[in-house]
Amino acid sequence: MSTVKLVNVGISLGSSYSRVSISSIIPASPSSFTFNSSVLSNDLGDRYTPMVVCEEDGGFVVGSAALKAAMRSKASSENKGSVLPASSIINNLNSKESDAFFAHLRDLAANASGLGLKSTDRLRVVLSVPDSTSESKISEIVKAVGSGFGKPSTILGVISESSAVCCAHGLTGSHDSKSPDTKTNWKTGVVLKWGTSGLTSTVVKRNGMSGAVSVVSTSSATDCGGEMFVDKMMDHCASQFKRKSGCDVWDSKKAIAKLRLAAETAVRTLARGSSASVEADGLMEGMDLRVAVSKPRWGMLAGSIVAKGKAAMEECLAKTGGKVDCVLISGAVLESPLAQEAVKEVFGEDVYRGATGVAVDEAVSVGCSLHCAMLVEAEQKGTTSLTETVKTVKDVNLGIAKVSGGKIEGEVLPVITPGSMVGVEITGTLGGIVKGGEVAVVNIGAGNSIVAKVGDCDEGSITVGLKLGEEGGLVVRVGDEIEMQC
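Here it is in structure tokens:
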């Protein structure tokens, strides 16, 4: 059993920003423990890092410094939707730029934890990716982060953003479920992730017998992303600037880049305050930009975008039959009172909103570090094999299929895919079942080999729930009954 101090790191890799958090274990009694998590700030005091890298003076600068460096070099952009031509990490994985970015996150975690740069091998990491990320992209990300950290084995696994949010709020059994602000009797929940690329709504259910969380459905709306709020602010400020100065910001690519940075700051400020000032010195032809935006004015400007997000939530609610008793929110857009009010209007004010103290825009990274702490704690206590647990986090690829004569009939429906979270039940439904027929749990990653069978099925359709245990085992559930454990 290892006694070396390991640091539990969670990294949220969004579309535009990354966040890093660290979790530590706090003994509550001789037989139980809780977790404490903190999101790290960089040298500028920001608790997030823009996912961009820029080359300067023969080296690389990362995040906000990269954006400023690119402006100093008078970099151009292709259109107003692009911030700068600095490398976007997700689109340039396994490159010198991505190595520099992930090494920056590594150093941030090492210094904040007190390990120092000479002991980065003690870092252990769980990553999150958007729910729609493909398996091939996940593999690329794991390889790139491992390269940047200098030790691939540092990366314990990858989980979806919705799973990370559930973990942060204690709904997956990853930390002490007896916490006074953790509800244990909810049945149907919705996880909302509203960030740069759009709004993702995930419907989850809780099995009353096992307490497992099942992912029922996931849908995304891309017509209400965070970038659209920034674009709306830019349009308003550009119009005001032209009216006062006669200069058209859209004629200068450098001015566009400066305006976007100022607009992003203002949108974040309005999420917490009653007003904001969009400011950019020397925006164009030596003239400064100063535009005050009140919260009511911002509500008018952004109202149409919020309405699209609200419509997506209403569609999600309809999928549940109108019955939801738990709503968890995450993502920078949902920091805004405008967006939060839309959530209340759709789901009501009486639904459980998760554990207190979990910041909306930081829930994903916190959930990752909590899950990492769970894995490391289990290994160091000798209660499970970390090798096997890691395997269940990122490598297992299971599905369900109809069986006839001991052979798979038709296509295999994927259920647990690489990146699925340990301890979270995921369901799949097959139709066209004949009375007395069989359904098999299939290991897709091993040539569609049959792992287990469920027999004597009723005619019609069947819903099978699969849950990966912390010790690498598999629980198969049909309806409210546990069929088998293997």
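Mapping of the sequence shown onto my numbering: position 43 corresponds to residue 627, and the numbering continues sequentially without gaps. In this text, a Cβ means the ideal position worked out from N, Cα and C, and glycines have one as well.
N-terminal and C-terminal residue of the alpha helix (DSSP H) that residue i is part of
i, result
"residue 901", "879-903"
"residue 848", "837-854"
"residue 829", "810-829"
"residue 680", "680-697"
Residue from the options whose Cα sits closest to the Cα of residue i
i, options, result
"residue 861", "1046, 820, 888", "820"
"residue 897", "722, 884, 918, 878", "918"
"residue 900", "783, 833, 873", "783"
"residue 599", "712, 610, 680", "712"
"residue 1073", "940, 935, 941, 833", "This structure cannot speak to residue 1073, because the chain is shown only from 585 to 1070."
"residue 725", "678, 851, 910", "678"
"residue 619", "1014, 998, 951, 981", "951"
"residue 637", "920, 624, 890, 680", "680"
"residue 864", "835, 818, 808", "818"
"residue 855", "770, 835, 1031, 880", "880"
"residue 750", "1043, 824, 1017, 944", "944"
"residue 628", "1045, 648, 857", "648"
"residue 983", "927, 998, 990, 991", "998"
"residue 780", "823, 851, 789", "851"
"residue 1018", "1001, 1000, 1044", "1044"
"residue 609", "933, 621, 924", "621"
"residue 790", "1010, 644, 858, 607", "1010"
"residue 902", "922, 844, 996, 801", "801"
"residue 886", "870, 922, 858", "922"
"residue 942", "909, 755, 642, 883", "755"
"residue 1072", "734, 1049, 601, 696", "Missing from the structure shown is residue 1072; the chain here goes from 585 to 1070 and no further."
"residue 799", "596, 828, 1000", "1000"
"residue 928", "836, 946, 908", "908"
Extent of the continuous beta strand (DSSP E) to which residue i belongs
i, result
"residue 1041", "1033-1041"
"residue 1025", "1021-1027"
"residue 790", "782-790"
"residue 1058", "1058-1062"
"residue 772", "772-779"
"residue 640", "636-640"
"residue 628", "Segment: none, residue 628 is in no beta strand (DSSP E) and carries neither H nor E."
"residue 865", "859-868"
"residue 991", "991-1000"
"residue 833", "No beta strand (DSSP E) contains residue 833, which DSSP labels as neither H nor E."
"residue 986", "982-988"
"residue 597", "591-597"
"residue 643", "643-646"
Contacts around residue i, its chain only, beta-carbon distance under 7 Å, and the 5 residues preceding and following it disregarded
i, result
"residue 853", "860"
"residue 682", "673, 676, 728, 732"
"residue 1091", "Only positions 585 to 1070 of the chain appear in this structure, which leaves residue 1091 out of reach."
"residue 866", "872"
"residue 765", "Any reading at residue 765 needs caution, since the residue's pLDDT is 47, under 50, leaving its predicted position unreliable; the model's value is listed next. Result list for residue 765: 939, 940, in chain order."
"residue 874", "861, 863"
"residue 692", "604, 624, 626"
"residue 889", "808, 812, 813, 816"
Residues near residue i in its chain [Cβ-Cβ closer than 8 Å; skip 5 each side]
i, result
"residue 1033", "1026, 1027"
"residue 987", "993, 1021, 1022, 1023, 1024, 1034, 1037"
"residue 694", "591, 700, 701, 703, 704, 707"
"residue 832", "822, 826"
Own chain, CB closer than 6 Å to residue i, minus 5 neighbours either side, in chain order
i, result
"residue 746", "715, 775, 786"
"residue 876", "861"
"residue 688", "646"
"residue 938", "753, 912"
"residue 640", "653"
"residue 1040", "1020"
"residue 685", "637, 646, 673"
"residue 664", "In this prediction, residue 664 has a pLDDT of 39, which is less than 50 and means its spatial position is unreliable; nothing more can be read from the coordinates."
"residue 848", "814"
"residue 777", "745, 784, 914, 915"
"residue 1013", "1045, 1047"
"residue 920", "855"
"residue 730", "736, 739"
What are the uninterrupted segments assigned as alpha helix (DSSP H) that are 4 or more residues long and contained completely in the region 702-764, given in chain order?
719-733, 745-752
Determine, using beta-carbon pairs with one atom in the region 727-744 and one in the region 696-714, whether at least three such pairs fall under 8 Å.
With a cut-off of 8 Å, the region 696-714 and the region 727-744 count as touching, because enough Cβ pairs lie within range.
Pick out the complete alpha helix (DSSP H) segments inside the region 902-970, 4 residues or longer, and give them in chain order.
Listed in chain order, they are 921-931, 947-964.
Examine the Cβ distances between the region 588-598 and the region 942-961 and report whether three or more of them are shorter than 8 Å.
yes
At least 3 beta-carbon pairs within less than 8 Å: the region 626-637 vs the region 810-827
no
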